[in-house]
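Throughout, my numbering is defined as the position within the sequence shown, counted from one, plus 1. Quick reminder that beta carbons are idealized off the backbone N, C-alpha and C, glycines included. The structure presented is a predicted model; accordingly, all values stated were derived computationally and were not measured. Some notes on the structure that comes next.
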Amino acid sequence: MHEIFGFLISLAVILVSAKIFGEIAVRFGQSAIIGEILAGVIIGPSVLALVTETPVLTNISELGAIILLFEVGVSSDIKELAKAGGWAAAVAFTGVILPYFLGYFTFLHFGLSSTQAIFAGAVLTATSVGITARVFMDLKKIESREAKIVLGAAVIDDVIGLTILAVVLKLVTGGTVTFASIVHVSGMAVLFLILAVGAGLLIAPSIFRFISKMKQENAVLVMAFAFCMVISALSSKVGLATIVGAFAAGLVLSSTPQRDEIKKGIKPLYAFFVPVFFVLMGANVDISTFNPFIPGNGQILLLAGILFIGAFFGKVAAGFVVFKKGINKLLIGVSMVPRGEVGLIFAGIGLKNNVFGSHDYSALVAVIMLTTFVTPFVLKYLITNEPKKGE
(Lines of atoms letter the chains of each structure in order from A; the text may use other names.)
(Lines give C-alpha, C1' and ligand atoms only; values in the text may rest on other atoms or scores of the structure.)
Protein backbone atom coordinates (compact mmCIF):
# COMPACT_ATOMS: atom_id res chain seq x y z
CA MET A 2 0.00 0.00 0.00
CA HIS A 3 2.84 2.38 0.88
CA GLU A 4 4.60 1.61 -2.45
CA ILE A 5 1.59 2.53 -4.60
CA PHE A 6 1.08 5.72 -2.57
CA GLY A 7 4.71 6.75 -3.09
CA PHE A 8 4.56 5.93 -6.81
CA LEU A 9 1.39 7.95 -7.42
CA ILE A 10 2.67 10.97 -5.49
CA SER A 11 6.02 10.84 -7.33
CA LEU A 12 4.26 10.66 -10.70
CA ALA A 13 2.01 13.58 -9.78
CA VAL A 14 5.01 15.67 -8.68
CA ILE A 15 6.84 14.85 -11.93
CA LEU A 16 3.90 15.82 -14.15
CA VAL A 17 3.02 19.02 -12.27
CA SER A 18 6.63 20.21 -12.06
CA ALA A 19 7.14 19.42 -15.77
CA LYS A 20 4.19 21.63 -16.73
CA ILE A 21 5.12 24.48 -14.36
CA PHE A 22 8.78 24.65 -15.37
CA GLY A 23 7.94 23.95 -19.00
CA GLU A 24 5.56 26.92 -18.96
CA ILE A 25 8.25 29.14 -17.43
CA ALA A 26 10.72 28.06 -20.13
CA VAL A 27 8.21 28.77 -22.92
CA ARG A 28 7.40 32.22 -21.47
CA PHE A 29 11.12 33.01 -21.58
CA GLY A 30 11.21 32.01 -25.24
CA GLN A 31 12.83 28.60 -24.74
CA SER A 32 11.73 25.05 -25.54
CA ALA A 33 9.63 23.35 -22.84
CA ILE A 34 12.28 20.62 -22.68
CA ILE A 35 14.63 23.03 -20.84
CA GLY A 36 12.01 23.53 -18.14
CA GLU A 37 11.33 19.80 -17.87
CA ILE A 38 15.00 18.90 -17.41
CA LEU A 39 15.42 21.73 -14.90
CA ALA A 40 12.32 20.50 -13.04
CA GLY A 41 14.01 17.11 -12.71
CA VAL A 42 17.16 18.69 -11.27
CA ILE A 43 15.15 20.59 -8.65
CA ILE A 44 12.82 17.79 -7.54
CA GLY A 45 15.57 15.16 -7.82
CA PRO A 46 17.83 13.73 -5.09
CA SER A 47 20.51 16.45 -5.31
CA VAL A 48 18.16 19.37 -4.43
CA LEU A 49 14.66 18.84 -2.93
CA ALA A 50 14.70 15.02 -3.06
CA LEU A 51 10.95 14.91 -3.78
CA VAL A 52 11.41 12.16 -6.36
CA THR A 53 13.73 9.17 -6.47
CA GLU A 54 13.90 7.08 -9.60
CA THR A 55 12.38 3.61 -9.20
CA PRO A 56 12.17 0.69 -11.67
CA VAL A 57 8.52 1.57 -12.40
CA LEU A 58 9.30 5.24 -13.07
CA THR A 59 12.26 4.16 -15.21
CA ASN A 60 9.94 2.03 -17.33
CA ILE A 61 7.49 4.91 -17.72
CA SER A 62 10.38 7.16 -18.70
CA GLU A 63 11.55 4.62 -21.30
CA LEU A 64 8.00 4.48 -22.64
CA GLY A 65 8.09 8.27 -22.97
CA ALA A 66 11.23 8.08 -25.11
CA ILE A 67 9.62 5.36 -27.25
CA ILE A 68 6.46 7.43 -27.82
CA LEU A 69 8.54 10.50 -28.68
CA LEU A 70 10.49 8.70 -31.41
CA PHE A 71 7.38 6.85 -32.60
CA GLU A 72 5.65 10.16 -33.26
CA VAL A 73 8.77 11.49 -34.96
CA GLY A 74 8.73 8.43 -37.25
CA VAL A 75 5.01 8.78 -38.03
CA SER A 76 5.54 12.48 -38.82
CA SER A 77 8.40 11.70 -41.22
CA ASP A 78 8.34 11.00 -44.95
CA ILE A 79 10.25 7.78 -45.52
CA LYS A 80 11.07 8.69 -49.14
CA GLU A 81 12.53 12.05 -48.12
CA LEU A 82 14.44 10.39 -45.28
CA ALA A 83 15.92 7.86 -47.73
CA LYS A 84 17.11 10.71 -49.95
CA ALA A 85 19.12 12.06 -47.01
CA GLY A 86 20.73 8.65 -46.39
CA GLY A 87 24.16 9.40 -47.90
CA TRP A 88 24.59 12.70 -46.08
CA ALA A 89 23.20 11.15 -42.88
CA ALA A 90 25.85 8.41 -43.04
CA ALA A 91 28.61 10.98 -43.56
CA VAL A 92 27.39 13.02 -40.57
CA ALA A 93 27.09 9.90 -38.39
CA PHE A 94 30.58 8.55 -39.14
CA THR A 95 32.26 11.94 -38.71
CA GLY A 96 30.28 12.56 -35.52
CA VAL A 97 31.56 9.27 -34.09
CA ILE A 98 35.22 9.44 -35.14
CA LEU A 99 36.04 12.99 -33.98
CA PRO A 100 34.51 12.84 -30.45
CA TYR A 101 35.94 9.35 -29.94
CA PHE A 102 39.55 10.40 -30.46
CA LEU A 103 39.09 13.69 -28.59
CA GLY A 104 37.76 11.79 -25.56
CA TYR A 105 40.43 9.11 -25.86
CA PHE A 106 43.40 11.50 -25.94
CA THR A 107 41.94 13.78 -23.23
CA PHE A 108 41.70 10.86 -20.79
CA LEU A 109 45.24 9.75 -21.64
CA HIS A 110 46.51 13.30 -21.07
CA PHE A 111 45.00 13.28 -17.55
CA GLY A 112 46.99 10.13 -16.74
CA LEU A 113 44.15 7.62 -16.99
CA SER A 114 44.63 4.13 -18.42
CA SER A 115 44.22 3.21 -22.07
CA THR A 116 41.17 1.07 -21.22
CA GLN A 117 39.52 4.04 -19.48
CA ALA A 118 40.42 6.25 -22.45
CA ILE A 119 38.90 3.79 -24.93
CA PHE A 120 35.67 3.62 -22.91
CA ALA A 121 35.55 7.43 -22.47
CA GLY A 122 35.86 7.84 -26.24
CA ALA A 123 32.98 5.38 -26.68
CA VAL A 124 30.79 7.38 -24.27
CA LEU A 125 31.36 10.58 -26.27
CA THR A 126 30.29 8.96 -29.57
CA ALA A 127 26.67 8.69 -28.43
CA THR A 128 23.86 10.93 -29.71
CA SER A 129 20.47 11.31 -28.01
CA VAL A 130 18.06 12.04 -30.85
CA GLY A 131 15.15 12.37 -28.40
CA ILE A 132 16.26 15.82 -27.25
CA THR A 133 16.87 17.17 -30.74
CA ALA A 134 13.66 15.65 -32.09
CA ARG A 135 11.65 17.32 -29.33
CA VAL A 136 13.11 20.75 -30.15
CA PHE A 137 12.44 20.29 -33.87
CA MET A 138 8.85 19.27 -33.08
CA ASP A 139 8.28 22.17 -30.68
CA LEU A 140 9.47 24.62 -33.35
CA LYS A 141 7.53 22.90 -36.20
CA LYS A 142 10.76 21.98 -38.02
CA ILE A 143 10.55 18.18 -37.89
CA GLU A 144 9.93 17.97 -41.66
CA SER A 145 12.88 20.19 -42.63
CA ARG A 146 15.78 18.81 -44.69
CA GLU A 147 18.11 19.31 -41.74
CA ALA A 148 15.83 17.27 -39.46
CA LYS A 149 15.73 14.39 -41.95
CA ILE A 150 19.53 14.26 -42.17
CA VAL A 151 19.83 14.41 -38.36
CA LEU A 152 17.25 11.64 -37.80
CA GLY A 153 18.94 9.39 -40.34
CA ALA A 154 22.35 10.13 -38.85
CA ALA A 155 21.08 9.36 -35.34
CA VAL A 156 19.87 5.90 -36.40
CA ILE A 157 23.22 5.14 -38.09
CA ASP A 158 24.99 6.59 -35.02
CA ASP A 159 23.13 4.12 -32.81
CA VAL A 160 24.26 1.18 -34.95
CA ILE A 161 27.89 2.39 -34.83
CA GLY A 162 27.58 3.07 -31.09
CA LEU A 163 26.24 -0.43 -30.49
CA THR A 164 29.25 -1.90 -32.30
CA ILE A 165 31.76 0.26 -30.38
CA LEU A 166 30.10 -0.58 -27.05
CA ALA A 167 30.21 -4.30 -27.81
CA VAL A 168 33.90 -4.04 -28.68
CA VAL A 169 34.93 -2.07 -25.57
CA LEU A 170 32.89 -4.38 -23.34
CA LYS A 171 34.83 -7.31 -24.78
CA LEU A 172 38.05 -5.48 -23.93
CA VAL A 173 37.13 -4.67 -20.31
CA THR A 174 35.73 -8.14 -19.59
CA GLY A 175 38.79 -9.88 -20.97
CA GLY A 176 37.10 -11.14 -24.13
CA THR A 177 38.64 -11.37 -27.58
CA VAL A 178 37.75 -8.76 -30.16
CA THR A 179 37.86 -10.08 -33.72
CA PHE A 180 36.88 -8.66 -37.09
CA ALA A 181 34.20 -11.35 -37.29
CA SER A 182 32.62 -10.30 -33.96
CA ILE A 183 32.51 -6.66 -35.05
CA VAL A 184 30.89 -7.59 -38.38
CA HIS A 185 28.39 -9.82 -36.56
CA VAL A 186 27.23 -7.09 -34.14
CA SER A 187 26.92 -4.36 -36.77
CA GLY A 188 25.44 -6.77 -39.34
CA MET A 189 22.69 -7.86 -36.93
CA ALA A 190 21.78 -4.23 -36.25
CA VAL A 191 21.60 -3.26 -39.94
CA LEU A 192 19.73 -6.45 -40.85
CA PHE A 193 17.14 -5.78 -38.16
CA LEU A 194 16.47 -2.26 -39.44
CA ILE A 195 16.15 -3.42 -43.06
CA LEU A 196 13.82 -6.29 -42.15
CA ALA A 197 11.71 -4.23 -39.73
CA VAL A 198 11.12 -1.37 -42.15
CA GLY A 199 11.00 -3.52 -45.32
CA ALA A 200 8.61 -6.14 -43.97
CA GLY A 201 6.53 -3.48 -42.27
CA LEU A 202 6.08 -1.50 -45.49
CA LEU A 203 4.88 -4.65 -47.23
CA ILE A 204 2.34 -5.86 -44.69
CA ALA A 205 1.32 -2.82 -42.59
CA PRO A 206 -0.97 -1.16 -45.19
CA SER A 207 -3.07 -4.35 -45.58
CA ILE A 208 -3.24 -5.00 -41.84
CA PHE A 209 -4.26 -1.44 -40.97
CA ARG A 210 -6.78 -1.34 -43.82
CA PHE A 211 -8.49 -4.26 -42.07
CA ILE A 212 -8.10 -2.69 -38.60
CA SER A 213 -9.66 0.59 -39.81
CA LYS A 214 -12.88 -1.32 -40.56
CA MET A 215 -13.21 -2.49 -36.94
CA LYS A 216 -16.15 -0.94 -35.10
CA GLN A 217 -14.38 -0.54 -31.76
CA GLU A 218 -13.34 2.98 -30.85
CA ASN A 219 -9.60 3.81 -31.17
CA ALA A 220 -8.81 0.40 -32.70
CA VAL A 221 -6.28 1.91 -35.13
CA LEU A 222 -4.46 3.81 -32.38
CA VAL A 223 -4.30 0.80 -30.04
CA MET A 224 -2.99 -1.49 -32.76
CA ALA A 225 -0.48 1.14 -33.91
CA PHE A 226 0.77 1.49 -30.34
CA ALA A 227 1.02 -2.30 -29.99
CA PHE A 228 2.96 -2.48 -33.26
CA CYS A 229 5.38 0.15 -31.92
CA MET A 230 5.87 -1.82 -28.68
CA VAL A 231 6.63 -5.05 -30.56
CA ILE A 232 9.19 -3.45 -32.90
CA SER A 233 10.79 -1.60 -29.96
CA ALA A 234 11.04 -4.84 -27.99
CA LEU A 235 12.62 -6.66 -30.95
CA SER A 236 15.05 -3.75 -31.35
CA SER A 237 16.12 -4.19 -27.73
CA LYS A 238 16.44 -7.94 -28.27
CA VAL A 239 19.07 -7.49 -31.00
CA GLY A 240 20.97 -4.98 -28.86
CA LEU A 241 19.75 -1.72 -30.38
CA ALA A 242 18.11 1.05 -28.35
CA THR A 243 14.32 0.70 -28.08
CA ILE A 244 13.93 4.19 -29.54
CA VAL A 245 15.46 2.99 -32.83
CA GLY A 246 12.72 0.36 -33.09
CA ALA A 247 10.09 2.96 -32.20
CA PHE A 248 11.36 5.27 -34.93
CA ALA A 249 11.33 2.39 -37.44
CA ALA A 250 7.75 1.51 -36.45
CA GLY A 251 6.68 5.12 -36.91
CA LEU A 252 8.34 5.25 -40.34
CA VAL A 253 6.41 2.17 -41.43
CA LEU A 254 3.06 3.60 -40.30
CA SER A 255 3.82 6.98 -41.87
CA SER A 256 3.15 5.33 -45.25
CA THR A 257 -0.34 4.06 -44.31
CA PRO A 258 -3.61 5.91 -45.03
CA GLN A 259 -4.23 5.96 -41.25
CA ARG A 260 -1.18 8.18 -40.63
CA ASP A 261 -3.12 11.31 -39.65
CA GLU A 262 -5.44 9.35 -37.35
CA ILE A 263 -2.43 7.82 -35.57
CA LYS A 264 -0.68 11.21 -35.24
CA LYS A 265 -3.80 12.76 -33.71
CA GLY A 266 -4.38 9.87 -31.33
CA ILE A 267 -0.79 9.71 -30.06
CA LYS A 268 -0.80 13.33 -28.78
CA PRO A 269 -2.46 12.63 -25.37
CA LEU A 270 0.01 9.76 -24.76
CA TYR A 271 2.85 12.07 -25.78
CA ALA A 272 1.69 14.79 -23.36
CA PHE A 273 1.62 12.34 -20.46
CA PHE A 274 4.66 10.10 -20.96
CA VAL A 275 7.30 12.23 -22.73
CA PRO A 276 7.75 14.85 -19.95
CA VAL A 277 8.45 12.00 -17.49
CA PHE A 278 11.42 10.99 -19.63
CA PHE A 279 12.97 14.48 -19.58
CA VAL A 280 12.21 15.16 -15.90
CA LEU A 281 13.91 11.93 -14.82
CA MET A 282 16.87 12.76 -17.05
CA GLY A 283 17.25 15.96 -15.05
CA ALA A 284 16.77 14.10 -11.77
CA ASN A 285 19.91 12.07 -12.54
CA VAL A 286 22.05 15.21 -12.25
CA ASP A 287 24.07 15.55 -9.04
CA ILE A 288 24.66 19.32 -8.88
CA SER A 289 27.26 18.90 -6.12
CA THR A 290 29.61 17.73 -8.90
CA PHE A 291 29.64 21.31 -10.19
CA ASN A 292 30.64 22.86 -6.83
CA PRO A 293 34.31 23.95 -7.17
CA PHE A 294 34.67 24.37 -3.40
CA ILE A 295 34.22 20.65 -2.71
CA PRO A 296 37.67 18.99 -2.45
CA GLY A 297 38.51 16.99 -5.56
CA ASN A 298 35.91 18.71 -7.74
CA GLY A 299 38.47 21.05 -9.32
CA GLN A 300 40.14 18.19 -11.23
CA ILE A 301 36.72 16.78 -12.20
CA LEU A 302 35.56 20.16 -13.51
CA LEU A 303 38.77 20.70 -15.48
CA LEU A 304 38.50 17.25 -17.07
CA ALA A 305 34.77 17.79 -17.71
CA GLY A 306 35.43 21.21 -19.27
CA ILE A 307 38.00 19.90 -21.74
CA LEU A 308 35.84 16.86 -22.55
CA PHE A 309 32.82 19.13 -23.11
CA ILE A 310 34.71 21.25 -25.64
CA GLY A 311 35.71 18.09 -27.52
CA ALA A 312 32.25 16.58 -27.21
CA PHE A 313 30.53 19.73 -28.47
CA PHE A 314 32.79 20.71 -31.35
CA GLY A 315 33.44 17.11 -32.40
CA LYS A 316 29.74 16.73 -33.22
CA VAL A 317 29.33 20.27 -34.60
CA ALA A 318 32.13 19.60 -37.11
CA ALA A 319 30.16 16.61 -38.41
CA GLY A 320 27.51 18.94 -39.83
CA PHE A 321 30.04 20.53 -42.14
CA VAL A 322 30.59 17.33 -44.14
CA VAL A 323 27.22 18.00 -45.82
CA PHE A 324 28.24 19.77 -49.03
CA LYS A 325 24.67 20.41 -50.10
CA LYS A 326 23.55 23.88 -51.10
CA GLY A 327 20.96 25.57 -48.90
CA ILE A 328 21.54 23.27 -45.92
CA ASN A 329 22.20 24.76 -42.47
CA LYS A 330 25.36 22.80 -41.62
CA LEU A 331 25.75 24.35 -38.17
CA LEU A 332 22.17 23.37 -37.27
CA ILE A 333 22.86 19.75 -38.27
CA GLY A 334 26.10 19.64 -36.27
CA VAL A 335 24.56 21.13 -33.12
CA SER A 336 21.60 18.74 -33.43
CA MET A 337 24.00 15.81 -32.98
CA VAL A 338 25.56 17.23 -29.77
CA PRO A 339 23.28 15.98 -26.92
CA ARG A 340 24.39 12.68 -25.37
CA GLY A 341 21.39 12.40 -23.03
CA GLU A 342 20.21 8.98 -21.93
CA VAL A 343 22.38 7.17 -24.51
CA GLY A 344 25.57 8.66 -23.06
CA LEU A 345 24.39 7.96 -19.51
CA ILE A 346 23.81 4.31 -20.38
CA PHE A 347 27.32 4.01 -21.85
CA ALA A 348 28.91 5.73 -18.82
CA GLY A 349 26.84 3.60 -16.42
CA ILE A 350 28.08 0.40 -18.06
CA GLY A 351 31.65 1.65 -17.61
CA LEU A 352 31.03 2.32 -13.91
CA LYS A 353 29.33 -1.05 -13.41
CA ASN A 354 32.31 -2.85 -14.96
CA ASN A 355 34.77 -0.91 -12.75
CA VAL A 356 36.33 0.90 -15.73
CA PHE A 357 35.74 4.29 -14.08
CA GLY A 358 36.14 5.51 -10.54
CA SER A 359 33.52 7.85 -9.12
CA HIS A 360 35.48 10.98 -10.14
CA ASP A 361 36.00 9.90 -13.76
CA TYR A 362 32.37 8.86 -13.98
CA SER A 363 31.23 12.21 -12.52
CA ALA A 364 33.27 14.09 -15.14
CA LEU A 365 31.63 12.11 -17.95
CA VAL A 366 28.15 12.58 -16.47
CA ALA A 367 28.84 16.34 -16.19
CA VAL A 368 29.73 16.41 -19.91
CA ILE A 369 26.65 14.39 -20.84
CA MET A 370 24.35 16.67 -18.87
CA LEU A 371 26.02 19.86 -20.18
CA THR A 372 25.49 18.73 -23.77
CA THR A 373 21.90 17.91 -22.84
CA PHE A 374 21.28 21.34 -21.27
CA VAL A 375 23.13 23.52 -23.77
CA THR A 376 21.86 22.03 -27.03
CA PRO A 377 18.17 23.07 -26.80
CA PHE A 378 19.21 26.71 -26.18
CA VAL A 379 21.55 26.75 -29.17
CA LEU A 380 19.08 24.92 -31.43
CA LYS A 381 16.29 27.34 -30.54
CA TYR A 382 18.54 30.29 -31.38
CA LEU A 383 19.71 28.78 -34.70
CA ILE A 384 16.21 27.84 -35.84
CA THR A 385 14.47 31.08 -34.86
CA ASN A 386 17.26 33.18 -36.40
CA GLU A 387 17.52 31.14 -39.59
CA PRO A 388 17.40 33.40 -42.66
CA LYS A 389 14.16 33.10 -44.62
CA LYS A 390 14.36 31.95 -48.22
CA GLY A 391 15.08 34.83 -50.50
CA GLU A 392 16.88 36.91 -47.85
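Residue i classed as buried or exposed, judged by whether at least 16 other C-beta atoms fall within 10 angstroms
i, result
"Gly87", "exposed"
"Asp78", "exposed"
"Ser18", "buried"
"Ile384", "buried"
"Tyr382", "exposed"
"Asp361", "buried"
"Ala66", "buried"
"Pro377", "buried"
"Pro293", "exposed"
"Met337", "buried"
"Phe100", "Before going further, note that residue 100 is Pro rather than Phe in the sequence given. So Pro100 counts as buried."
"Lys325", "exposed"
"Phe248", "buried"
"Glu218", "exposed"
"Phe29", "exposed"
"Asp261", "exposed"
"Lys330", "buried"
"Ala227", "exposed"
"Leu203", "exposed"
"Leu302", "buried"
"Ser115", "exposed"
"Asn386", "exposed"
"Ile38", "buried"
"Leu254", "buried"
"Ile369", "buried"
"Leu9", "exposed"
Delimiting residues of the alpha helix (DSSP H) encompassing residue i
i, result
"Lys316", "Asn298 to Ala319"
"Met224", "Ala220 to Lys238"
"Phe279", "Arg260 to Ala284"
"Val335", "Lys330 to Ser336"
"Ile295", "No alpha helix (DSSP H) contains Ile295, which DSSP labels as neither H nor E."
"Val245", "Thr243 to Leu254"
DSSP state of residue i mapped onto helix, strand, coil
i, result
"Leu113", "coil"
"Phe137", "helix"
"Glu24", "helix"
"Leu39", "helix"
"Val17", "helix"
"Lys1", "Only positions 2 to 392 of the chain appear in the structure, and residue 1 is not among them; the question remains open."
"Ala404", "Nothing in the structure corresponds to residue 404, since the chain is present only between 2 and 392."
"Thr257", "coil"
"Ser213", "coil"
"Thr385", "helix"
"Thr128", "coil"
"Glu144", "coil"
"Val323", "coil"
"Gly153", "helix"
"Phe29", "coil"
"Pro339", "coil"
"Gly188", "helix"
"Pro377", "helix"
"Asp287", "coil"
"Gly358", "coil"
Residues of its chain near residue i, where Cβ-Cβ distance is below 6 Å and the 5 sequence neighbours each way are ignored
i, result
"Thr59", "none"
"Ala40", "Ser18, Ala19, Phe22 and Val280"
"Asp287", "Ser47"
"Val136", "Ser32, Pro377 and Leu380"
"Phe193", "Val239"
"Phe374", "none"
"Ala26", "Ala33, Ile35 and Gly36"
Own chain, CB closer than 7 Å to residue i, minus 5 neighbours either side, in chain order
i, result
"Glu392", "Because Glu392 carries a pLDDT of 49, less than 50, the predicted location of this residue cannot be relied on, and the following value inherits that uncertainty. Contacts found: none."
"Ser213", "Val221 and Gln259"
"Thr394", "No answer is possible for residue 394: the residues shown for the chain start at 2 and end at 392."
"Ala127", "Gly162, Arg340, Val343, Gly344 and Phe347"
"Ile150", "Ala85, Trp88, Ala89, Val92, Val323 and Ile333"
"Gln117", "Phe108, Val356, Phe357 and Asp361"
beta-carbon residue i near the ligand MN non-hydrogen atom, thresh 7 Å
i, result
"Phe347", "For the ligand MN, the structure offers nothing, since it holds no ligand at all."
Beta-carbon contacts of residue i that lie in its chain and below 8 Å, excluding the five residues immediately before and after
i, result
"Pro206", "Ser256, Thr257 and Pro258"
"Gln31", "Pro377, Phe378 and Lys381"
"Lys264", "Glu72, Val75 and Ser76"
"Leu12", "Leu58, Ile61 and Val277"
"Val191", "Val160"
Any chance you could list the alpha helix (DSSP H) runs of at least 4 consecutive residues sitting entirely within the stretch 41-104, in chain order? Taking 4 residues as the shortest admissible run, the stretch 41-104 contains the following complete alpha helix (DSSP H) segments, listed from N- to C-terminal end: 56-75 and 79-84.
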